[in-house]
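I have placed the structure first, in the form of structure tokens, so that the comments after it can refer back to it.
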Amino acid sequence: MEMLIRRGFLWQSFEIYGGMAGFIDYGPLGNGLRRRLENLWREFFVINERAVEIDTPTVNVEEVFVASGHAESFTDVAIECQKCGKVFRADHYIKEKLNIEADCTIEAVKEIIETYDLKCDCGGSFGEPFHFNLMFTTSIGPGKGKKGYLRPETAQGIFIAFRRLLDYFRGKLPFGVAQIGRAYRNEISPRQGVIRLREFNQAELEYFVHPAEKTHPNFGRYENDVVWLVDKFDNEHRITLREAVERGIIAHELLAYFIGKTRRFLIKAGVREDRLRFRQHKDDERAHYAVDCWDAEALTSYGWIEIVGIADRTDYDLRKHMEHSGEDLRVFVQFKEPIRVKRLKIVPDLRKLGPKFRKKAKAVAEALERLEIDDPNVDKVRVTVDGEEVEIGREFFRVEEVEETIQGEKVIPHVIEPSFGLDRITYTILEHSFEKDTVDGEERRVLRLKRWMAPVQVAVLPLLSKGDFIEVAKEIVEMLRSAGIYTEYDDSGSIGRRYRRFDEIGTPFCVTVDHQTLEDGTVTIRDRDTTRQVRVSRDELVDVLKELLSTEKDITEFGEPFKL
Ligand code: GAP
Numbered sequence: 046m047e048m049l050i051r052r053g054f055l056w057q058s059f060e061i062y063g064g065m066a067g068f069i070d071y072g073p074l075g076n077g078l079r080r081r082l083e084n085l086w087r088e089f090f091v092i093n094e095r096a097v098e099i100d101t102p103t104v105n106v107e108e109v110f111v112a113s114g115h116a117e118s119f120t121d122v123a124i125e126c127q128k129c130g131k132v133f134r135a136d137h138y139i140k141e142k143l144n145i146e147a148d149c150t151i152e153a154v155k156e157i158i159e160t161y162d163l164k165c166d167c168g169g170s171f172g173e174p175f176h177f178n179l180m181f182t183t184s185i186g187p188g189k190g191k192k193g194y195l196r197p198e199t200a201q202g203i204f205i206a207f208r209r210l211l212d213y214f215r216g217k218l219p220f221g222v223a224q225i226g227r228a229y230r231n232e233i234s235p236r237q238g239v240i241r242l243r244e245f246n247q248a249e250l251e252y253f254v255h256p257a258e259k260t261h262p263n264f265g266r267y268e269n270d271v272v273w274l275v276d277k278f279d280n281e282h283r284i285t286l287r288e289a290v291e292r293g294i295i296a297h298e299l300l301a302y303f304i305g306k307t308r309r310f311l312i313k314a315g316v317r318e319d320r321l322r323f324r325q326h327k328d329d330e331r332a333h334y335a336v337d338c339w340d341a342e343a344l345t346s347y348g349w350i351e352i353v354g355i356a357d358r359t360d361y362d363l364r365k366h367m368e369h370s371g372e373d374l375r376v377f378v379q380f381k382e383p384i385r386v387k388r389l390k391i392v393p394d395l396r397k398l399g400p401k402f403r404k405k406a407k408a409v410a411e412a413l414e415r416l417e418i419d420d421p422n423v424d425k426v427r428v429t430v431d432g433e434e435v436e437i438g439r440e441f442f443r444v445e446e447v448e449e450t451i452q453g454e455k456v457i458p459h460v461i462e463p464s465f466g467l468d469r470i471t472y473t474i475l476e477h478s479f480e481k482d483t484v485d486g487e488e489r490r491v492l493r494l495k496r497w498m499a500p501v502q503v504a505v506l507p508l509l510s511k512g513d514f515i516e517v518a519k520e521i522v523e524m525l526r527s528a529g530i531y532t533e534y535d536d537s538g539s540i541g542r543r544y545r546r547f548d549e550i551g552t553p554f555c556v557t558v559d560h561q562t563l564e565d566g567t568v569t570i571r572d573r574d575t576t577r578q579v580r581v582s583r584d585e586l587v588d589v590l591k592e593l594l595s596t597e598k599d600i601t602e603f604g605e606p607f608k609l
């Protein structure tokens with residue numbers, strides 16, 4: 046952390062006013078790294094899928110989260126000290142003080158506090174545990190305004206726009222919709238530094254599929270990858286994804302596909318394979334919307350931390366938004382052959398609905414027509430209109446049996462969601478890349494970032510800080526920057542110290558302008574990891590660097606190695 050702060054990766058937000066837990070600033074290098082992570086994510090999860098990316102507001106109207114269930118269920122159990130007034134997240138406090146994994150229910154927390162006579166650090170007693178909703182509330186517009194929430198996940202913006210998105214994809218499943226952006230959670234006591242934030246960055250893909258077709262045409266790319274799995278019974282497996290699906294450890298191919306793809310993405314971004322596992326949520330741990338969920342977890346100095354959640358959200362969200370908004374969010378799926386079926390149909394009596402429901406009569410009639418029933422003698426039904434459930438008696442409709450040719454059916458798509466926490470992944474990459482080694486008898490700190498992730502890709506260094514050396518070095522900086530290579534120039538301090546500076550921030554290559562450059566137009570390229578150098582001509586420098594930065598090729602493929 047000392048290095049990250051000093052070098053300009055991460056800073057405490059609001060530092061001059063004493064700071065506030067749960068908020069961080071990205072300095073120039075941290076911001077550069079996170080942007081590269083976002084672009085790599087786009088390559089994997091947007092460009093290489095039948096997917097698009099959208100951008101929706103971070104402030105949402107209340108209705109969104111009433112429908113999604115967050116207003117009621119997105120809570121943690123908190124405990125408040127009666128003496129000093131400090132509030133703690135109950136399960137974290139219990140884990141820290143008693144090393145017990147507590148269920149996140151009021152009853153379980155209460156029982157543990159009583160059994161172990163758990164006290165606050167100040168010696169005070171805790172009051173009744175209570176539910177604390179993690180969403181930040183706000184008010185939209187002047188005066189009392191309209192209640193709104195800051196979004197706790199980017200996903201809801203996608204569900205809300207589903208009808209438009211379906212049109213965009215010409216009504217055909219499957220398709221994916223991605224969103225990268227800020228999410229907000231008013232975490233109760235975020236004491237884990239950069240891991241538990243109140244404002245953070247997510248990259249989410251909502252992949253909409255036919256409920257009976259949870260497969261992916263490209264599963265073959267990952268099916269033989271061996272993954273480290275911890276299932277919901279805490280059994281560990283190191284098996285191929287294909288075997289995990291066949292043995293029912295992973296519920297279906299589509300979840301396995303995204304586990305495989307996530308794993309490859311994280312490794313490519315710089316998460317160490319030997320510190321990466323996928324852990325299945327236990328039955329009492331899953332979010333209110335999920336039937337199965339696997340977290341990618343990385344081992345860091347904070348222990349194993351969740352960096353990605355991959356959930357099967359079924360039709361939960363679309364169904365809820367359909368019920369609350371009254372919009373039809375189903376997708377028409379054509380059968381291979383049309384079929385003849387008999388079915389019961391509700392026929393609303395508009396002459397009676399009109400006087401009773403007035404402006405809502407049409408919406409009630411449509412909701413009635415959508416209902417599926419199997420009892421011809423049903424005496425009342427319930428429909429939801431404008432988020433309100435209404436009971437409709439038999440006098441307002443009749444039931445008819447009809448025989449129809451059906452071309453297809455309307456289904457509510459299911460959603461498989463890989464959801465990435467970009468801040469946690471960025472931090473994990475930094476931790477997994479940071480090493481100390483010995484170079485020329487001295488300890489060296491080096492950030493072994495993947496070359497394509499480094500915020501500063503190349504440093505150009507004149508060997509001597511004078512005249513021609515500086516002039517040529519600056520020409521080379523211009524040339525590399527025009528070629529789209531993120532380049533820094535540095536002429537202060539000894540060449541050895543400058544190399545160390547760039548090693549520490551993870552710059553993969555240093556280009557040095559030395560005496561020979563002035564004679565024959567060649568420069569040296571030094572590799573951060575091996576500290577080997579090769580000499581190349583200025584004319585080929587851009588091509589060589591581009592090749593090196595996009596691959597893991599050894600520098601010696603481009604010239605005779607030497608060490609100064
Ligand atoms: N849409 C699903 C969803 O939001 P989640 O597991 O709650 O699922 C997804 O969050 C990812 O977002 C997590 O795996 C984690 O990396 C990140 N995340 C969640 N809460 C966070 C917090 N308070 N600070 C930083 N990252 C967080």
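Numbers 46 to 609, taken from the numbering used here, label the letters of the sequence shown in order. All C-beta atoms in this analysis are idealised placements derived from N, C-alpha and C, irrespective of residue type, glycine included.
Close beta carbons around residue i, own chain, < 7 Å, minus the five adjacent residues each side
i       : result
Thr-473 : Val-316, Ala-343, Thr-345, Ile-352
Ala-228 : Arg-196, Pro-197, Glu-198, Thr-199, Phe-245, Gln-247
Phe-119 : Asn-178, Leu-179, Met-180, Pro-197
Tyr-334 : Gly-114, Arg-358, Tyr-361, Asp-362
His-477 : Gly-315, Val-316, Arg-317, Arg-320
Lys-519 : Tyr-534
Own chain, CB closer than 6 Å to residue i, minus 5 neighbours either side, in chain order
i       : result
Pro-393 : Ala-410, Leu-413, Phe-442
Arg-241 : Glu-232, Pro-235
His-369 : Ala-112, Gly-432
Arg-215 : none
Ala-528 : Val-587
Asp-337 : Ala-296, Asp-357
Phe-110 : Ala-116, Tyr-194
DSSP bridge partner residues for residue i (one or two, in chain order)
i       : result
Glu-251 : Val-222
Tyr-347 : DSSP, once it has assigned bridges, lists no residue as partnering Tyr-347.
Cys-126 : Phe-171
Val-428 : Val-435
Ser-464 : Glu-249, Gly-354
Val-271 : Thr-285
Asn-105 : Tyr-194
Pro-553 : The partner list for Pro-553 (beta bridge, DSSP) is empty, contrary to what the question assumes.
Gln-561 : Looking at the DSSP assignment, Gln-561 forms no beta bridge with any residue, so it has no partner.
Sub-8 Å separation of residue i and residue j beta-carbons
i       : j       : result
Glu-418 : Val-426 : The sequence given here has Ile at residue 418, not Glu. Yes, the Cβ-Cβ distance between Ile-418 and Val-426 is below 8 Å.
Arg-577 : Thr-569 : no
Ile-355 : Pro-219 : no
Tyr-531 : Pro-500 : yes
Lys-455 : Arg-375 : yes
Gln-224 : Ile-312 : no
Val-290 : His-459 : no
Val-222 : Ala-96  : yes
Val-522 : Phe-554 : no
Leu-475 : Phe-54  : yes
Phe-310 : Phe-133 : no
Tyr-252 : Gly-305 : no
Cα-Cα separation between residue i and residue j, rounded to whole angstroms
i       : j       : result
Ile-457 : Thr-307 : 26 Å
Phe-323 : Trp-86  : 18 Å
Leu-509 : Lys-598 : 30 Å
Lys-407 : Val-423 : 21 Å
Ile-451 : Asp-468 : 49 Å
Glu-117 : Lys-365 : 13 Å
Glu-173 : Met-367 : 37 Å
Arg-230 : Thr-182 : 10 Å
Asp-420 : Lys-387 : 13 Å
Asp-340 : Phe-465 : 10 Å
Asn-93  : Glu-516 : 43 Å
Leu-49  : Thr-552 : 14 Å
Asn-84  : Lys-591 : 17 Å
Leu-78  : Gly-265 : 31 Å
Ala-147 : His-176 : 15 Å
Contacts around residue i, its chain only, beta-carbon distance under 8 Å, and the 5 residues preceding and following it disregarded
i       : result
Gly-169 : Cys-126, Gln-127, Lys-128, Cys-129
Glu-440 : Asp-394, Lys-397
Ser-537 : Ser-510, Arg-543
Arg-51  : none
Near ligand 3: residue i beta-carbon under 7 Å from a heavy atom
i       : result
Gly-354 : Inclusion of ligand 3 in the displayed structure is not the case, the ligand content consisting of ligand 1 alone.
> Is it true that the region 184-198 meets the region 141-154, where meeting means three or more beta-carbon pairs spaced less than 8 Å apart?
Replying inline: Verdict: no, contact absent.
> Is the region 292-312 close to the region 70-78, with three or more CB pairs under 8 Å?
Replying inline: No, the region 292-312 is not in contact with the region 70-78.
> Are three or more beta carbon pairs between the region 381-393 and the region 489-497 nearer than 8 Å?
Replying inline: No, the region 381-393 is not in contact with the region 489-497.
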